[in-house]
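I have placed the structure first, in the form of structure tokens, so that the comments after it can refer back to it.
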Amino acid sequence: MTIRHSPADDGNSAPLRRLLVGTSAVPAATLALMMAFAPAASAASIEYAFSPGASLFFADGNFESLTGTFTVDFAGPTVTQAAITLAGNAPEAGVYDTPGFILPDLRLFFASNPTPATVAIGFGSPLGLTPDPITGDDFSAPPAATILVTYATGYADPILPEPSTLSLLGAALGLFGLRRRASRRDLSTSTDQPRAT
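Quick note on this note's numbering: the sequence shown kicks off at -5 and runs consecutively.
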């Protein structure tokens, strides 16, 4: 039995079609990755870590180093996780692990502890995909008066996949596409040869 091909299959259109399909896979995968990590796709949650050396200087003269992380869900927006430590002198020093709320402009959020004490931390611009400088805000522990932050250092840094991780993922997708193309070529080569019956 012999397999017959149409004249269109014997021309140059089939290799050109394969080339176009094969080369469109990499840009399509790249576009999908770009859309997944685009700022507009910020309905997802982003975890932030305070930079090394971040600190708050309060109006009562206390200097507090600021460490830890917090997570913002941009769909709300809400703070879904807080693990913030102020290391220094009382009354501000402590662990603030109860998420409070975040203002709609994404520039100020609150976290508290069981004391009850609350720390408000402000940022220079709305939280997003880039590091944002800490501008201050305040500490409160009722019934005492609120203590303002007079000076702040450091920034909140979003914890995102590294570019090298995305590069590895893109390379893996490319290799997968090349392997699939090679296996299709091998399959088409074996069907092009006439079979003896």
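By construction, the Cβ of each residue, glycine as well, lies at the ideal position given by its N, Cα and C atoms.
Does the beta-carbon of residue i have 16 or more other beta-carbons within 10 angstroms, so that it is buried, or is it exposed?
i, result
"A76", "buried"
"A138", "exposed"
"F103", "buried"
"L123", "exposed"
"A150", "buried"
"S119", "exposed"
"F133", "buried"
"G111", "Checking the displayed sequence, the identity of residue 111 turns out to be Ala instead of Gly. The residue in question, A111, is buried, as its Cβ has 16 or more Cβ neighbours within 10 Å."
"A48", "buried"
"S99", "First, the residue type needs correcting, since residue 99 is Asp and not Ser in the sequence shown. Label assigned to D99: exposed."
"A105", "buried"
"P93", "buried"
"L154", "exposed"
What's the gap between the Cα of residue i and the Cα of residue j?
i, j, result
"P152", "A43", "6 Å"
"T223", "I40", "The question about residue 223 has no answer here: the residues shown for the chain are numbered -5 through 191."
"F64", "L169", "37 Å"
"A208", "G171", "Only positions -5 to 191 of the chain appear in the structure, and residue 208 is not among them; the question remains open."
"T109", "L121", "28 Å"
"G55", "T140", "14 Å"
"A38", "P125", "17 Å"
"L50", "A84", "13 Å"
"T129", "F57", "15 Å"
"G164", "A69", "28 Å"
"F71", "A166", "Note that residue 71 corresponds to Pro in the displayed sequence, not to Phe. The alpha-carbon atoms of P71 and A166 are separated by roughly 35 Å."
"G148", "R101", "15 Å"
On the premise that residue j lies in contact with residue i, defined as a C-beta separation below 8 Å, what is that separation, rounded to the nearest angstrom?
i, j, result
"F52", "E86", "6 Å"
"V89", "T74", "Going by Cβ atoms, the distance from V89 to T74 rounds to 17 Å, so no, they are not a contact pair."
"N107", "D91", "7 Å"
Going by DSSP in three states, residue i sits in which element: helix, strand or coil?
i, result
"L154", "coil"
"A77", "strand"
"S36", "Its pLDDT being 42, under 50, S36 is placed unreliably in this model, and the coordinates cannot settle the point."
"G171", "helix"
"G70", "coil"
"A193", "What the structure shows of the chain is the stretch from -5 to 191, and residue 193 is not part of that stretch, so it cannot be assessed."
"L60", "strand"
"L192", "Past the edges of the chain, shown from -5 to 191, lies residue 192, and the structure says nothing about it."
Just to confirm before moving on: does the CB-CB distance between residue i and residue j stay below 9 Å?
i, j, result
"A81", "S45", "no"
"P127", "A114", "no"
"I96", "V66", "yes"
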